[in-house]
Amino acid sequence: MSEAADTKRTYKDSLFRMIFQDRAALLSLYNAINGSHYEDLQGLKITTLEDVIYLGWKNDVSFLIQDVLNLYEHQSTWNPNMPLRGLFYISSLYQGYVKENDLDLYSSALLKLPVPRCIVFYNGTHQEPDQMELRLSDSFIKKEEDPCIECTVLILNINYGHNKELMAACRKLYEYSYFVHKVREFLEQGLTRDAAVDRAVVYCIKADILKDFLTRHRAEVKDVILTEYDEKRHERTLREEAKAQGMKEGIKKGIQEGEFKKASEMAAEMLRDGIAPEKVKAYAKLGDEQWDELLKSLGMADQV
């Protein structure tokens, strides 16, 4: 098995992608966002690059409809670099579009390209408004009024209770939002992750929330959600460990600096009293570098 294939196999889809890889669900989501009423599933062309993986997860879904290149992505953790990632991905999609349509980049005629549109569906715990925009130019070190390149990403908050009109227009999105809400609710009640997911699945099936989907994919849904939580917990643990290690090193450095300061003050007093430098250095247990630093601070570097 190739490395690329092995990498693909080891990364799991997100629950969002599992639900909206269905063409009918995806078209419903598109119509809800754009206020359109398209019904032709054949007019929806999936353009997702299966080999592209961002930060451990597959991209969610990209598709072409009515000359618009749509990139839909789900994020459960806040990431201000979404425009840059979107730019990379759209660039890859355009490369594929040019190749697939046998377009000549060096033609004297202007090439016609579909309009890109990047939307991120956010349902993390970080408090955000119903919608907002992030721009690639926000990352530029030097700000310019009209940069030569820009990528704008629309962030839609799909946590339960947000974007109610959008939820009302797309039943699948509402049900997804509600299911995630129930998992979190049961976790807050003190249930283990396994138990919280199990109870949320049972509850939602009885309430006719994602009923068919959860019934068919119950084991896979549980596996995906637990994997997502494991990833978050692992990332949180790494951050906490790094913070703890930084504090530990800071304390150690502070102690060392405190000891050096005390030893330096003692050595300086001994030197002023005329005690032989070699004896002072040995008594204060200062290394060569620390000793030279002390002599320079006392203006005695040329005298010893």
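Quick note: the sequence shown uses UniProt numbering, first residue 1, plus one each step.
Glycine is no exception: its CB is placed at the ideal position from the N, C-alpha and C atoms.
Exposed unless 16 or more other CB atoms sit within 10 angstroms - verdict on residue i
i, result
"Leu-41", "exposed"
"Lys-252", "For Lys-252, the pLDDT reaches just 46, beneath the cut-off of 50, and the residue's location in the model is therefore unreliable, although a value from the coordinates is still provided. Label assigned to Lys-252: exposed."
"Leu-105", "exposed"
"Pro-83", "buried"
"Asn-163", "buried"
"Tyr-30", "buried"
"Val-68", "exposed"
"Phe-88", "exposed"
Cβ pair residue i, residue j closer than 9 Å
i, j, result
"Leu-210", "Ile-19", "yes"
"Arg-117", "Asn-70", "yes"
"residue 345", "Leu-214", "Not covered by the structure: residue 345. The range shown for the chain is 1 to 304."
"Glu-150", "Leu-136", "yes"
"Asn-123", "Ser-76", "yes"
"Leu-294", "Ala-267", "yes"
"Leu-173", "Ile-155", "no"
"Arg-171", "Ser-36", "no"
"Leu-111", "Leu-103", "yes"
"Asn-101", "Asp-130", "no"
Cutoff 7 Å; reference residue i; Cβ partners in own chain excluding five residues on either side
i, result
"Thr-237", "Unreliable positioning characterises Thr-237 in this predicted model, as indicated by a pLDDT of 49, which lies under 50. The coordinate reading is nonetheless provided below. Excluding sequence neighbours, Thr-237 sits near nothing in its chain."
Selection from the options that minimises the alpha carbon distance to residue i
i, options, result
"Glu-73", "Arg-199, Tyr-174 and Val-153", "Val-153"
"Asn-159", "Gln-127, Ile-141 and Lys-143", "Gln-127"
"Phe-63", "Asp-102, Ser-107 and Pro-114", "Pro-114"
"Phe-179", "Tyr-203, Leu-103 and Val-280", "Tyr-203"
"Lys-45", "His-37, Asp-22, Ser-36 and Gly-35", "Asp-22"
"Gln-66", "Tyr-38, Asp-292, Trp-78 and Phe-121", "Tyr-38"
"Thr-125", "Val-280, Ala-24, Ser-177 and Tyr-283", "Ser-177"
"His-181", "Trp-78, Gly-35, Gly-161 and Met-270", "Gly-161"
Same chain only: Cβ atoms within 6 Å of residue i, ignoring 5 sequence neighbours per side
i, result
"Leu-187", "Ala-196"
"Glu-175", "Ile-209 and Leu-210"
"Ala-169", "Ala-32"
"Leu-166", "Ala-32"
"Lys-281", "Trp-291"
is_contact[residue i, chain B] using C-beta, thresh 9 Å
i, result
"Asp-102", "Absence of chain B from the displayed structure is noted, only one protein chain being present."
Neighbourhood of residue i by C-beta, 8 Å cutoff - its chain only, sequence neighbours within 5 removed
i, result
"Ile-205", "Lys-211, Leu-214 and Thr-215"
"Ser-107", "none"
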